[in-house]
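**Student:** Residue numbers (UniProt numbering): 1 to 422. Glycine included, each C-beta is placed from N, C-alpha and C at the ideal position.
1. For residue 199, which residues does DSSP report across the bridge?
2. Can you give the Cα-Cα distance for residue 244 and residue 144, rounded to whole angstroms?
3. So what's residue 332 in DSSP terms, helix, strand or just coil?
4. Whose C-alpha, out of 84, 15, 280, is nearest the C-alpha of residue 314?
5. Counting only runs that start and end within the segment 237-318, where is the beta strand (DSSP E) found for 3 or more residues in a row?
6. I'd like to know if residue 122 contacts chain C, where contact means its C-beta is closer than 8 Å to some C-beta of that chain.
7. Please classify residue 233: does DSSP put it in a helix, a strand, or coil?
8. If we require 3 or more residues per run, which beta strand (DSSP E) segments fall completely within the segment 11-87?
9. Measuring straight from C-alpha to C-alpha, what distance separates residue 369 and residue 225?
10. Look at the alpha carbon of residue 421 and the alpha carbon of residue 17, and state the distance between them as a whole number of angstroms.
11. Taking the C-alpha atoms as reference points, what is the distance between residue 349 and residue 172?
12. Assign residue 141 to buried or exposed, taking buried as 16 or more other Cβ atoms, counted over all protein chains shown, within 10 Å of its Cβ.
13. Does the segment 208-227 come into contact with the segment 77-95, if we say contact requires no fewer than three beta-carbon pairs (one atom in each stretch) closer than 8 Å?
14. Would the segment 293-300 count as touching the segment 232-252 if we require 3 or more Cβ pairs under 8 Å?
15. In its own chain, which residues sit with a C-beta less than 8 Å from the C-beta of residue 133, not counting the 5 before and 5 after it?
16. Does residue 140 come out as helix, strand or coil in the three-state DSSP assignment?
17. Per DSSP, what are the beta-bridge partners of residue 209 in this structure?
18. Rounded to whole angstroms, what's the CA-CA distance from residue 386 to residue 223? Just pull it up for me.
19. What span of residues does the beta strand (DSSP E) with residue 130 cover, start to end?
20. Given this structure, state the Cα-to-Cα distance separating residue 161 from residue 154, to the nearest angstrom.
21. Can you tell me where the beta strand (DSSP E) with residue 351 in it begins and where it stops?
22. Check the DSSP bridge columns for residue 94 and list the partner residues they point to.
23. Helix, strand or coil for residue 7 per DSSP?
24. When burial is assigned at 16 or more other CB atoms within 10 Å of the CB, is residue 1 buried or exposed?
25. Per the contact definition of three or more C-beta pairs closer than 8 Å, is the segment 352-363 in contact with the segment 263-280?
26. Alpha carbons only, please: which of 175, 200, 201 is nearest the one belonging to residue 193?
Next up, the structure:
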């Protein structure tokens, strides 16, 4: 296919929100395939349609692209399907460089984080960055080439309410994390709160945790699938082992190297091993710290808290897709105890490029938690009589049936419209 050196097209869909909005004009520059990088915005041809999406993964022979606002990726995209890279877009009369847009958003976010962190310190409140823009800046040493909106913080349980009050005083509003109004009744002591503030049309979100959880805490199934005491001990360990880092003269606290890698593996599990950007963060973290990483201590921690089933798949996938520097003996030492779990995961075919709807995510997460649990099978079955689990099952069935009926209705209307036309 002969491709022009440059061309322009108008964005019509919502797949690249919030970066690109309908009616934006993008400039497509012909670019050799070998020069295209992860996080580039590219124009591709798929099934005779032009698509403008982000490169989320790339090899020498193909790339994977995905809309920032899409759940599903575009699958493999080969060199002859790539029209070029987008470096600029026009919105109204303004011509905007995409990298400049990232820089503006990240700078605004980091400036706000610096301000909030100063307020925390002034009030003797300790916070640790779990993930988000500040961690990325420390690991990569430069501003990201994508938009960051949320930042996860770990705080002491005794300071949880004070953090809440401080953020509200600084103009933040709390987000409702409940999956329904019924669940909100049970969440008076929920171990996580999310706060949002919009600055210059940029939403800034802080997710505040008082526990290092990776289970479904909103179902109140502590001890049914994973020992609550382990979560408490891990949280205290993470808080005690924190380390202070510096970026552009600004200091903030993150997890210790071993704890950071452990957290990121558990975070990827928490998201059902979906989202290649989460896996890439894990990869970057390991590559940044692997020379100082105490893998023996890491293995001891994983075994002590019976985390093999959760951690192994995350490391396996990181090695598979990014060839992450992980010693072979690490995999041998933390092999999952549950072969059933490995069969369910199908590690050799599992691809982290697509994500699921919230309801499907919840079902998957519960299934993974159940089969990955280190507890005896008989004890695990108790979870099915927990009130919030029963309620979740009922709500899930209702939502799935409603979704099925809506789709069926659309297909029936489409069928009859064709019949009438005929």
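**Tutor:** Let me spell this out:
1. Residue pairing by DSSP puts residue 199 in a beta bridge opposite 202.
2. Between residue 244 and residue 144, the C-alpha separation is close to 21 Å.
3. Residue 332 carries a helical assignment under DSSP once its states are collapsed to helix, strand and coil.
4. The shortest C-alpha separation from residue 314 is found at 280.
5. If you keep only unbroken beta strand (DSSP E) runs of at least 3 residues inside the segment 237-318, you get 243-247, 250-254.
6. Absent from the structure is chain C; it holds one protein chain and no more.
7. Three-state result, residue 233: helix.
8. Runs found: 25-29, 41-46, 49-58, 63-66, 73-77.
9. Each residue's Cα considered, the two are about 7 Å apart.
10. In this prediction, residue 421 has a pLDDT of 47, which is less than 50 and means its spatial position is unreliable; nothing more can be read from the coordinates.
11. One alpha carbon belongs to residue 349, the other to residue 172, and they sit about 42 Å apart.
12. Taking all protein chains shown into account, residue 141 has fewer than 16 neighbouring C-beta atoms within 10 Å of its C-beta and is therefore exposed.
13. Cβ pair count under 8 Å is below three, so no.
14. Flag = no, the segment 293-300 and the segment 232-252 do not touch.
15. For residue 133, where only same-chain residues beyond five positions count, the Cβ hits under 8 Å are 106, 109, 110, 113, 144, 148, 151.
16. Residue 140: helix per DSSP, three-state reduction.
17. According to DSSP, which records beta bridges pairwise, residue 209 is partnered with 154, 192.
18. Between residue 386 and residue 223, the C-alpha separation is close to 12 Å.
19. Run containing residue 130: 127-131, per the beta strand (DSSP E) assignment.
20. Looking at the two C-alpha atoms, the distance is approximately 13 Å.
21. Careful: residue 351 lies outside any beta strand (DSSP E) and carries neither H nor E.
22. Checking the DSSP bridge columns, you'll see residue 94 partnered with 91.
23. In this structure, DSSP gives residue 7 an extended state, which the three-state scheme calls strand.
24. Reliability of the predicted coordinates at residue 1 is poor, the pLDDT of 49 falling under 50, and no value is obtained from them.
25. As far as the Cβ criterion goes, the segment 263-280 touches the segment 352-363, which means the pair count is three or higher.
26. With distances taken between CA atoms, residue 193 lies nearest to 175 out of 175, 200, 201.
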